[in-house]
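Chemist:
2 protein chains.
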Amino acid sequence: MKKRLTDAALDLMWENSYGTTSVDAICERAGAKKGSFYYFFKSKSELTVAALEAEWNKNKANMDALFSPTVPPLERFDRYFDYVHDRLAELQEECGSILGCPLLSIGSEVSTQDQGVRATVDRIWDRKIKYFESAIRDAHAQGLIVAPDPEAKARALFACYHGTLAQARIQNDVELIRDFKEVARDVLGVKQTDAVSS
Amino acid sequence: MKKRLTDAALDLMWENSYGTTSVDAICERAGAKKGSFYYFFKSKSELTVAALEAEWNKNKANMDALFSPTVPPLERFDRYFDYVHDRLAELQEECGSILGCPLLSIGSEVSTQDQGVRATVDRIWDRKIKYFESAIRDAHAQGLIVAPDPEAKARALFACYHGTLAQARIQNDVELIRDFKEVARDVLGVKQTDAVSS
DNA sequence: AAAATACTTGACTGATTAGTCTACATGGGC
DNA sequence: GCCCATGTAGACTAATCAGTCAAGTATTTT
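Chains as they are written, first to last, in the numbering used here: chain A, 1 to 198; chain B, 199 to 396.
1) With serine 108 (chain A) as the anchor, note down where its alpha helix (DSSP H) starts and where it stops.
2) Going by DSSP in three states, leucine 342 (chain B) sits in which element: helix, strand or coil?
3) When you compare the CB of valine 394 (chain B) with every CB in chain A, is at least one pair closer than 7 Å?
4) Mapping the DSSP letters down to three states, classify alanine 159 (chain A) as helix, strand or coil.
5) Relative to the alpha-carbon of alanine 248 (chain B), which residue among B:Ala345, B:Thr268, B:Ser332 and B:Ile322 has its alpha-carbon at the smallest distance?
6) Verify the CB distance criterion: does arginine 185 (chain A) have a CB-CB separation below 7 Å to chain B?
7) May I ask you to verify whether the stretch 318–332 of chain B touches the stretch 354–371 of chain B, counting CB pairs closer than 8 Å and requiring at least 3?
8) Span of the alpha helix (DSSP H) holding glutamine 290 (chain B)?
9) If we ignore side chains and look at the alpha-carbon of each, how far apart do lysine 2 (chain A) and phenylalanine 41 (chain A) end up?
10) Along the stretch 353–369 of chain B, where does the CB come closer than 9 Å to a CB of chain A? Name the residues.
11) Looking at C-beta atoms only, is the number of pairs between the stretch 215–224 of chain B and the stretch 8–28 of chain A that lie closer than 8 Å three or more?
12) When you compare only the Cα positions, how much space is there between leucine 272 (chain B) and isoleucine 334 (chain B)?
13) To the nearest whole angstrom, what separates the beta carbons of histidine 360 (chain B) and leucine 302 (chain B), a pair I think is in contact under 8 Å?
14) Is methionine 13 (chain A) close to chain B? Criterion is C-beta to C-beta, closer than 7 Å.
15) With DSSP run on the structure shown, which of helix, strand or coil describes lysine 60 (chain A)?
16) Taking DSSP as the reference, what is the three-state secondary structure of methionine 199 (chain B)?
17) Relative to the C-alpha of glutamate 28 (chain A), which candidate in A:Glu46, A:Ser45 and A:Thr6 has its C-alpha closest?
18) For phenylalanine 67 (chain A) and tyrosine 80 (chain A), what's the separation of their Cα atoms in angstroms?
19) Considering just the uninterrupted stretch of the alpha helix (DSSP H) at aspartate 186 (chain A), what are its terminal residues?
20) Report, in whole angstroms, the separation of the C-beta atoms of serine 309 (chain B) and arginine 87 (chain A), which I expect to be a contact under 8 Å.
21) Please list, in chain order, the residues of the stretch 298–311 of chain B that have any C-beta partner in chain A closer than 9 Å.
22) Around the C-beta of glutamine 171 (chain A), are 16 or more other C-beta atoms found within 10 angstroms, so that it is buried, or is it exposed?
23) What are the boundary residues of the alpha helix (DSSP H) that includes tyrosine 236 (chain B)?
24) Check this for me: beta carbons of isoleucine 304 (chain B) and methionine 211 (chain B), under 7 Å apart or not?
25) Tell me which same chain residues have a C-beta within less than 8 Å of the C-beta of leucine 202 (chain A), skipping the five on either side of it?
26) Are the CB atoms of leucine 52 (chain A) and threonine 120 (chain A) nearer to each other than 7 Å?
27) Look at the alpha carbon of valine 221 (chain B) and the alpha carbon of lysine 389 (chain B), and state the distance between them as a whole number of angstroms.
28) Any beta carbon of chain B sitting closer than 7 Å to that of threonine 20 (chain A)?
29) If you run the structure through DSSP and keep just helix, strand and coil, what is valine 372 (chain B)?
30) So is valine 121 (chain A) in contact with chain B if we call contact Cβ pairs under 7 Å?
31) Between glycine 341 (chain B) and chain A, is the shortest Cβ-Cβ distance under 7 Å, so that the two count as touching?
32) Residues in its own chain within less than 6 Å of valine 287 (chain B) by CB, not counting five upstream and five downstream?
33) Consider the Cβ of asparagine 62 (chain A): report whether some Cβ of chain B lies at a distance smaller than 7 Å.
34) Which residues in the same chain have their Cβ closer than 6 Å to the Cβ of leucine 91 (chain A), if we skip the five residues on either side of it in sequence?
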């Protein structure tokens with residue numbers, strides 16, 4: 001039931017927003033009653049923290065696979081961006097909208113008002129950046145890009161990517177995400193190969 | 199009074215969020231009563247549309263100056279990013295938080311639920327991109343960058359910038375914005391000059 | 001000065017909100 | 001058969017929400 005509640009919460013907050021997702025609505029979707037909700041969580045804020053952590057745990061294995069060191073570093077990004085694109089396109093079929101990234105949507109919404117949720121978003125954000133950072137470091141070591149500060153480069157790329165996801169949500173346009181692969185190459189400073197000419 | 203209401207609304211929504219900004223709170227800050235509010239606007243949604251348009255009108259002259267064709271094209275970006283950085287740092291002094299861009303925060307929050315506000319954000323977003331687009335086209339014409347599709351490049355840069363602003367909001371860190379100037383150069387594909395070496 | 005328009009006031013409604021509380025069910029260990 | 005821990009049920013509160021409305025005051029028009 002705990003899982004049903006966190007799943008329901010994340011679904012609703014992702015599709016709509018933190019503010020418009022009521023505890024009643026979460027309970028209804030999870031098939032739970034108010035009493036159960038407050039048995040497991042002492043507030044909506046605390047549930048949100050749990051929901052975000054649960055979502056992270058659900059995705060972690062997948063992220064590990066996408067960013068496996070066995071994959072050539074720049075290809076990891078392509079695979080990741082493709083994966084997110086496909087997932088968001090799939091969700092769009094279900095709910096009619098490109099939903100972007102819940103970390104950014106929820107984080108941006110509550111950052112000035114709920115330090116617990118804000119810190120959780122921040123923490124998970126940092127974990128995800130580590131995948132980028134390590135891929136960038138590998139690419140640099142292989143001479144594919146020049147990135148003397150992989151951490152800064154990773155943060156920059158991650159921010160750019162999330163901006164694109166947010167724009168895709170606002171404009172409800174999945175194409176922006178598809179186009180991001182090229183933008184990522186610019187941000188990374190990928191050295192041109194002759195395959196690029198046309 | 200209409201102006202006082204839209205100003206109050208934008209301030210509150212920018213600092214907090216659309217959802218947590220109540221009509222009562224807007225009225226209180228504006229020194230207006232409920233009746234006046236609903237005399238001018240028929241809903242909170244409609245007020246938000248008016249507030250966003252008013253904000254645009256307030257900023258337009260400034261944007262025109264920053265992106266004046268008399269300024270070298272790449273310098274326009276530097277000036278703009280500096281301006282936003284300084285403005286957000288100033289607001290941070292007042293309210294303790296880096297607030298990011300209200301278009302993104304509000305847009306991301308309401309995009310799946312309020313088509314009126316969503317369309318307004320979209321429209322203003324497009325107007326702002328035009329400044330980028332024209333600067334990019336000029337830079338391309340002067341051989342400073344290679345950007346055969348200035349519109350796409352402008353959208354990409356705008357998205358990256360907004361992602362950075364959102365991240366700055368979530369992490370309450372203004373430095374991310376300062377660092378963006380270099381990222382922008384990567385996205386734009388600015389050709390290296392010898393001044394860069396060190 | 002009358003009339004019409006523009007705007008303000010604040011009490012009101014009914015719905016919804018997060019969160020509480022007590023009573024109840026279930027199932028396992030003894 | 002009984003205890004106790006783990007959960008469930010759902011009515012309840014008090015606050016807050018967006019929005020209404022009828023009566024009032026200014027301001028402008030005629």
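For each residue, glycine too, the CB sits at the ideal point set by N, CA and C.
Modeler: Let me spell this out:
1) Here the question's residue 108 (chain A) lines up with position 108 in the first sequence. Run containing serine 108 (chain A): 102–110, per the alpha helix (DSSP H) assignment.
2) Reading the second sequence from its first residue, position 144 is the one you call residue 342 (chain B). It is coil, neither helix nor strand.
3) As a working mapping, residue 394 (chain B) is identified with position 196 in the second sequence. Note that valine 394 (chain B) scores 44 on pLDDT, short of 50, meaning its location in the model is unreliable; the coordinates nonetheless yield the value given after this. With 7 Å as the cut-off, valine 394 (chain B) does not count as an interface residue toward chain A.
4) Locating residue 159 (chain A) in the first sequence gives position 159, where the first residue counts as 1. Here alanine 159 (chain A) sits in helix by DSSP.
5) Residue mapping note: residue 248 (chain B) aligns to position 50 of the second sequence, counting from 1. When only C-alpha atoms are compared, the closest one is B:Ile322.
6) If you number the first sequence from 1, residue 185 (chain A) lands on position 185. Not a single C-beta of chain B is nearer than 7 Å to the C-beta of arginine 185 (chain A).
7) yes
8) Position 92 of the second sequence holds residue 290 (chain B). Segment 271–293, the alpha helix (DSSP H) holding glutamine 290 (chain B).
9) Here residue 2 (chain A) corresponds to residue number 2 of the first sequence, with the count starting at 1. Here residue 41 (chain A) corresponds to residue number 41 of the first sequence, with the count starting at 1. Cα to Cα, lysine 2 (chain A) sits roughly 9 Å from phenylalanine 41 (chain A).
10) Arg353, Ala354, Leu355, Phe356, Ala357, Cys358, Tyr359, His360, Gly361, Thr362, Leu363, Ala364, Gln365, Ala366, Arg367, Ile368 and Gln369
11) yes
12) In the second sequence, the residue the question calls residue 272 (chain B) occupies position 74. In the second sequence, the residue the question calls residue 334 (chain B) occupies position 136. The straight-line gap from Cα to Cα measures roughly 8 Å.
13) Taking the second sequence and counting its residues from 1, one reaches residue 360 (chain B) at position 162. Taking the second sequence and counting its residues from 1, one reaches residue 302 (chain B) at position 104. Indeed, because the Cβ distance is near 5 Å, the residues count as touching under 8 Å.
14) Along the first sequence, one-based indexing puts residue 13 (chain A) at 13. So, not an interface residue.
15) Taking the first residue of the first sequence as position 1, residue 60 (chain A) is located at position 60. In the three-state scheme derived from DSSP, where H, G and I count as helix and E and B as strand, lysine 60 (chain A) is classed as helix.
16) For the purposes of this step, residue 199 (chain B) is taken as residue 1 along the second sequence, with counting starting at 1. Here methionine 199 (chain B) sits in coil by DSSP.
17) Along the first sequence, read from residue 1 onward, the residue named residue 28 (chain A) stands at position 28. When the alpha-carbon of glutamate 28 (chain A) is set against those of A:Glu46, A:Ser45 and A:Thr6, the nearest one is in A:Thr6.
18) The count along the first sequence starts at 1 and reaches residue 67 (chain A) at position 67. The count along the first sequence starts at 1 and reaches residue 80 (chain A) at position 80. So the alpha carbons of these two residues sit roughly 8 Å apart.
19) Counted from its first residue, the first sequence places residue 186 (chain A) at position 186. Segment 180–188, the alpha helix (DSSP H) holding aspartate 186 (chain A).
20) Taking the first residue of the second sequence as 1, we reach residue 309 (chain B) at position 111. Taking the first residue of the first sequence as 1, we reach residue 87 (chain A) at position 87. Incorrect: roughly 18 Å between the Cβ atoms, too far for contact.
21) Correct list: Gly298, Leu301, Leu302, Ser303, Gly305, Ser306, Glu307, Val308, Ser309, Thr310 and Gln311.
22) Working through the first sequence from its first residue, we reach residue 171 (chain A) at position 171. With at least 16 other beta carbons inside 10 angstroms of its own, glutamine 171 (chain A) counts as buried.
23) Along the second sequence, one-based indexing puts residue 236 (chain B) at 38. From DSSP, the alpha helix (DSSP H) with tyrosine 236 (chain B) extends over 232–238.
24) In the second sequence, the residue the question calls residue 304 (chain B) occupies position 106. In the second sequence, the residue the question calls residue 211 (chain B) occupies position 13. For isoleucine 304 (chain B) and methionine 211 (chain B), yes; Cβs fall inside 7 Å.
25) Past the edges of chain A, shown from 1 to 198, lies residue 202 (chain A), and the structure says nothing about it.
26) Counting from one through the first sequence, the residue named residue 52 (chain A) turns up at place 52. Counting from one through the first sequence, the residue named residue 120 (chain A) turns up at place 120. Yes, the Cβ-Cβ distance between leucine 52 (chain A) and threonine 120 (chain A) is below 7 Å.
27) The sequence position of residue 221 (chain B) within the second sequence is 23, counting from 1. The sequence position of residue 389 (chain B) within the second sequence is 191, counting from 1. In a straight line, the C-alpha of valine 221 (chain B) is about 50 Å away from that of lysine 389 (chain B).
28) Working through the first sequence from its first residue, we reach residue 20 (chain A) at position 20. It does: the Cβ of threonine 20 (chain A) has a partner Cβ on chain B nearer than 7 Å.
29) Locating residue 372 (chain B) in the second sequence gives position 174, counting from the first residue. In the structure shown, valine 372 (chain B) sits in coil (DSSP, three-state: anything other than H, G, I, E or B).
30) By 1-based counting over the first sequence, the position of residue 121 (chain A) is 121. Chain B contact via Cβ: present.
31) The count along the second sequence starts at 1 and reaches residue 341 (chain B) at position 143. No, its Cβ sits nowhere closer than 7 Å to a Cβ of chain A.
32) Counting from 1 along the second sequence, the entry for residue 287 (chain B) is found at position 89. Sequence inspection shows alanine at residue 287 (chain B); the valine mentioned does not correspond to that position. Contacts found: Val372.
33) Position 62 of the first sequence, counting from 1, holds the residue named residue 62 (chain A). Judged by the 7 Å Cβ criterion, asparagine 62 (chain A) is not in contact with chain B.
34) Walking along the first sequence from the start, residue 91 (chain A) turns up at place 91. Result list for leucine 91 (chain A): Leu99, in chain order.
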